[in-house]
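Read top to bottom, the protein sequences are chains A and B. Sequential numbering from 2 applies to the first sequence in the numbering used here. Sequential numbering from 323 applies to the second sequence in the numbering used here. I have placed the structure first, in the form of structure tokens, so that the comments after it can refer back to it.
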Amino acid sequence: MRIAARGLCASLKAREVLSDVDVGAEAGEITAIIGPNGAGKTTLLKVLAGLIAPHAGTASLAGRPMAEWRPQALARALAYLPQERTVHWALTARAVVALGRLPHQPMGAGESAADMRAIDAALAAMDVAHLAARPVLDMSGGERARVLVARALAQEPRALLADEPAAGLDPAHQLALFRHFTVLAAEGRTVMVALHDLSLAARFCHRIVLMHAGRAVAAGTPADVLTVEHLARVYGIKAHYAVLDGVPVVVPLDLLPGVLP
Amino acid sequence: MTAAAARRDIAPAGLLVALGAAACAAFLLSLAVGPSGFGFHVAGDAGALILREIRLPRAILGALVGGALGLSGAALQGYLRNPLAEPSIVGVSGGSALGAVLAIHLGLSGVFAFALPAGGLAGAAVAMLLVMALAGSHGGPVTLILAGLAVSSFATALISLALNLSQNPFATVEMVFWLMGSLADRSLTQVWLAAPLMVAGMALLLLVGRALDALTLGEDAARSLGLDLKRTRLTVVAGTALSVGAATAVTGIIGFVGLIVPHALRPLVGHRPGLLLPASLLGGATMLLVADVALRVVQPWVDLRIGVLTALLGAPFFVWLVLKTRAELAP
Chain A
2 MRIAARGLCA
12 SLKAREVLSD
22 VDVGAEAGEI
32 TAIIGPNGAG
42 KTTLLKVLAG
52 LIAPHAGTAS
62 LAGRPMAEWR
72 PQALARALAY
82 LPQERTVHWA
92 LTARAVVALG
102 RLPHQPMGAG
112 ESAADMRAID
122 AALAAMDVAH
132 LAARPVLDMS
142 GGERARVLVA
152 RALAQEPRAL
162 LADEPAAGLD
172 PAHQLALFRH
182 FTVLAAEGRT
192 VMVALHDLSL
202 AARFCHRIVL
212 MHAGRAVAAG
222 TPADVLTVEH
232 LARVYGIKAH
242 YAVLDGVPVV
252 VPLDLLPGVL
262 P
Chain B
323 MTAAAARRDI
333 APAGLLVALG
343 AAACAAFLLS
353 LAVGPSGFGF
363 HVAGDAGALI
373 LREIRLPRAI
383 LGALVGGALG
393 LSGAALQGYL
403 RNPLAEPSIV
413 GVSGGSALGA
423 VLAIHLGLSG
433 VFAFALPAGG
443 LAGAAVAMLL
453 VMALAGSHGG
463 PVTLILAGLA
473 VSSFATALIS
483 LALNLSQNPF
493 ATVEMVFWLM
503 GSLADRSLTQ
513 VWLAAPLMVA
523 GMALLLLVGR
533 ALDALTLGED
543 AARSLGLDLK
553 RTRLTVVAGT
563 ALSVGAATAV
573 TGIIGFVGLI
583 VPHALRPLVG
593 HRPGLLLPAS
603 LLGGATMLLV
613 ADVALRVVQP
623 WVDLRIGVLT
633 ALLGAPFFVW
643 LVLKTRAELA
653 P
């Protein structure tokens, strides 16, 4: 399902956070949203997930404006993984992942065979099947983060919007996470992630949108977007782009003078 | 995996059946125990009358009021995502108490018998409307707590004023006793007045289970799972106002049931807020019925009111809960 937005403007508490943003994410691709803290990545994802109404412009999923989607149907098509990883009660990992099946269950119905399959597959994909019976509040931050990704996967969405899903994961699980996103994209799903790790963006994402101060300042393939000039202008860093064993890596080398105190 | 999954499905059903059986047993016990003897066949001409006019209304009220308090406690804790929440937090109990106290103070309750519960219901309704207006339609849990606190404080102040200004010592005693909460000496007519409202309120509260489960992940995640949080909030507030408002209107203030019951049952339902709703309904009914039977057993020696008993049990429990929460939140 294609995600598209034109001329998005959105405000939080009377402060304009997005100004005139155009973005698109294609089915079968991973699209990264990168940019410094406060650039508007989270707000953009929330608008695209239908959680915040823009005050100008339109966001649409599969050609239908977000406002026209019925909440239940939208929840079956699109999963949103918030950056915030609070879990309020001591549910087991399996019970948390099972929440992803709510949009697929009629009121009062228990877990169907399809629900159980989706839950088990999601637990296995995020390597948390062995933690299924453990309360999430007793887990480490990274383990809990994986359980929450598994919740979004269990939703079996056509489009997945994940806000910094790799933050707090060890390198092995970061790679496993993006390998799984690659599989999802190969199945024809739309994957959109907000990211800080430029190497992950360069390596796994088909398209990158670079945000700066509420605007999308560049969009295109990793090679188009992750240029020395862009990184200098937006992040204020001197970065090195290299290819090691066929894998692109972006290494921040130094702060440019006058950027941070 | 399939066997394990099946076990998970049976466990909650088994728990609900067990709690249901406990509630039924407590109901029968409540019918059987009283000063005129144990059993369902009380001797003498008055026997059938005692069973029908004294014990039956008391048992029905105990079950309904206990269920309403337990269920609304579980619903509020789930919605506010706070284990210290209680029905009185949304201001409904305070409003109901104020309405009833005013009915006594103005002498209406002496003129016609229904003035007291009707005053309680009206007070609960006004308190609910005030809380909703104050909290606004877009606010989250915190604004609801603050609005509830503001309305209850105002109700408490006005109750004190009514007691302060009361010229009639009998009315004062009546008000004070009413504030303590009791299941005793309520007529079947009073039960039939409040029962439909309590049942309607409880039915509303049982509808929000899915939303409360989803809210475990926070508001954004719950909305992205397709839930309408505005409707959830309206349902929780209206359900609490109807069930607790009607309960308080007939029995007076019975505190802490809505705090203790969900807390005690939470580990048994795997901390799932949705499943906690029916469990707390049955658990609350059981707790209040058993507490009321215990009062009748000790009655020859001390004439305790049930609101006093639940407060005596509940306040230390609350302190323990605060200490436990403090330990969990400690760095």
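Every residue, glycine too, gets a C-beta built ideally from N, C-alpha and C.
Counting only Cβ pairs nearer than 9 angstroms, list the residues of chain B close to residue i.
| i | result |
| --- | --- |
| residue 44 of chain A | Ordered by position in chain B, no residue passes the 9 angstroms Cβ test against residue 44 of chain A, which lies about 12 angstroms from the chain. |
| residue 80 of chain A | 546, 547 |
Is any heavy atom in the ligand COA found nearer than 7 angstroms to the beta carbon of residue i?
| i | result |
| --- | --- |
| residue 178 of chain A | The ligand content of the structure shown is nil, which means the ligand COA is not present either. |
Find the residues of chain B that neighbour residue i, judging by a C-beta separation of less than 7 angstroms, and give them in chain order.
| i | result |
| --- | --- |
| residue 91 of chain A | 593 |
| residue 88 of chain A | 538, 539 |
| residue 50 of chain A | 546 |
| residue 83 of chain A | 540, 542, 543 |
| residue 280 of chain A | Past the edges of chain A, shown from 2 to 262, lies residue 280 of chain A, and the structure says nothing about it. |
| residue 96 of chain A | 592, 594 |
By the criterion of Cβ-Cβ separation under 8 angstroms, what are the contact partners of residue i in chain B?
| i | result |
| --- | --- |
| residue 165 of chain A | Near residue 165 of chain A there are no residues of chain B at all, since even the closest Cβ is about 14 angstroms away, more than 8 angstroms. |
| residue 110 of chain A | Result: empty, since nearest Cβ-Cβ is about 10 angstroms, beyond 8 angstroms. |
| residue 66 of chain A | Here the premise fails: no neighbours, minimum Cβ distance about 17 angstroms. |
| residue 175 of chain A | Ordered by position in chain B, no residue passes the 8 angstroms Cβ test against residue 175 of chain A, which lies about 22 angstroms from the chain. |
Report the residue from the options whose alpha carbon sits nearest the alpha carbon of residue i.
| i | options | result |
| --- | --- | --- |
| residue 14 of chain A | A:183, A:44, A:86 | A:44 |
| residue 212 of chain A | A:177, A:3, A:9 | A:9 |
| residue 49 of chain A | A:37, A:64, A:39, A:92 | A:64 |
| residue 556 of chain B | B:450, B:345, B:546, B:353 | B:450 |
| residue 571 of chain B | B:342, B:387, B:352 | B:387 |
| residue 210 of chain A | A:26, A:16, A:113, A:167 | A:26 |
| residue 24 of chain A | A:255, A:219, A:237, A:253 | A:219 |
| residue 185 of chain A | A:165, A:232, A:126, A:144 | A:126 |
| residue 564 of chain B | B:337, B:436, B:637, B:518 | B:518 |
| residue 354 of chain B | B:428, B:549, B:633, B:612 | B:612 |
Quick check: residue i and residue j, are their CB atoms within less than 8 angstroms of each other?
| i | j | result |
| --- | --- | --- |
| residue 379 of chain B | residue 597 of chain B | no |
| residue 540 of chain B | residue 59 of chain A | no |
| residue 628 of chain B | residue 503 of chain B | yes |
| residue 362 of chain B | residue 373 of chain B | yes |
| residue 22 of chain A | residue 234 of chain A | no |
| residue 194 of chain A | residue 4 of chain A | no |
| residue 345 of chain B | residue 573 of chain B | no |
| residue 132 of chain A | residue 94 of chain A | yes |
| residue 163 of chain A | residue 82 of chain A | yes |
| residue 452 of chain B | residue 473 of chain B | yes |
| residue 337 of chain B | residue 76 of chain A | no |
| residue 383 of chain B | residue 568 of chain B | no |
Leaving out five residues on either side along the sequence, give the residues of the same chain with a beta carbon under 7 angstroms from the beta carbon of residue i.
| i | result |
| --- | --- |
| residue 420 of chain B | 445, 477, 480, 481 |
| residue 409 of chain B | 391, 394, 395, 398, 415, 562, 566, 580 |
| residue 98 of chain A | 120, 123, 124, 148, 151, 152, 155 |
| residue 12 of chain A | 18, 56 |
| residue 617 of chain B | 626, 628, 631 |
| residue 62 of chain A | 2, 4, 70, 78, 79, 160 |
| residue 323 of chain B | For residue 323 of chain B, the pLDDT reaches just 41, beneath the cut-off of 50, and the residue's location in the model is therefore unreliable, although a value from the coordinates is still provided. For residue 323 of chain B, where only same-chain residues beyond five positions count, there are no Cβ hits under 7 angstroms. |
| residue 603 of chain B | 389, 392, 393, 524 |
| residue 509 of chain B | 379 |
| residue 439 of chain B | 512, 515, 516, 571, 572 |
| residue 467 of chain B | 402, 411 |
| residue 28 of chain A | 2, 3, 189, 190, 191 |
So which residues of chain A does residue i contact, with C-beta pairs closer than 8 angstroms?
| i | result |
| --- | --- |
| residue 547 of chain B | 76, 100, 101, 103, 104, 156 |
| residue 535 of chain B | 100, 103 |
| residue 648 of chain B | Going along chain A, no residue has its Cβ under 8 angstroms from residue 648 of chain B, so there is no contact; the nearest lies around 16 angstroms. |
Tell me which residues share the same chain as residue i and place their Cβ nearer than 8 angstroms to its Cβ, disregarding the 5 neighbours each side in the sequence.
| i | result |
| --- | --- |
| residue 595 of chain B | 396, 399, 400, 531, 534, 535, 537, 538 |
| residue 640 of chain B | 406, 578, 581 |
| residue 498 of chain B | 485 |
| residue 115 of chain A | 105 |
| residue 551 of chain B | 533, 537, 541, 544, 545 |
| residue 102 of chain A | 112, 116, 119, 120, 155, 156 |
| residue 246 of chain A | none |
Is the Cβ of residue i closer than 8 angstroms to any Cβ of chain E?
| i | result |
| --- | --- |
| residue 643 of chain B | Note that chain E does not occur in the displayed structure, where the protein chains are A and B. |
Check the Cβ of residue i against every Cβ in chain A and list those closer than 7 angstroms, keeping chain order.
| i | result |
| --- | --- |
| residue 403 of chain B | 89 |
Which residues in chain A sit within 9 angstroms of residue i, going by Cβ to Cβ distance?
| i | result |
| --- | --- |
| residue 553 of chain B | What residue 553 of chain B touches in chain A: nothing, since even the nearest Cβ is about 10 angstroms away. |
| residue 550 of chain B | 72 |
Got a sec? Which residues, its chain only, sit under 6 angstroms from residue i by beta carbon, not counting five neighbours each side?
| i | result |
| --- | --- |
| residue 251 of chain A | 199, 200, 203, 227, 240, 242 |
| residue 249 of chain A | 203, 204 |
| residue 328 of chain B | Per-residue confidence for residue 328 of chain B stands at a pLDDT of 41, beneath the threshold of 50, marking its modelled position as unreliable; no derived number is given. |
| residue 522 of chain B | 564 |
Mind pulling the beta strand (DSSP E) runs of 3 or more residues that sit fully within the stretch 109 to 166 of chain A?
Within the stretch 109 to 166 of chain A, the complete beta strand (DSSP E) segments at least 3 residues long are 160 to 164, listed from N- to C-terminus.
I'd like the ranges of any beta strand (DSSP E) spanning at least 3 consecutive residues and lying wholly in the stretch 70 to 106 of chain A.
79 to 82
Unbroken stretches of the alpha helix (DSSP H), 4 residues or longer, contained in the stretch 440 to 508 of chain B
Here the runs fully enclosed are 463 to 487, 491 to 502.
In chain order, what are the residue ranges of uninterrupted beta strand (DSSP E) at least 3 long that sit wholly in the stretch 520 to 570 of chain B?
none
Complete runs of the alpha helix (DSSP H) confined to the stretch 368 to 455 of chain B [at least 4 residues]:
378 to 402, 414 to 427, 430 to 433
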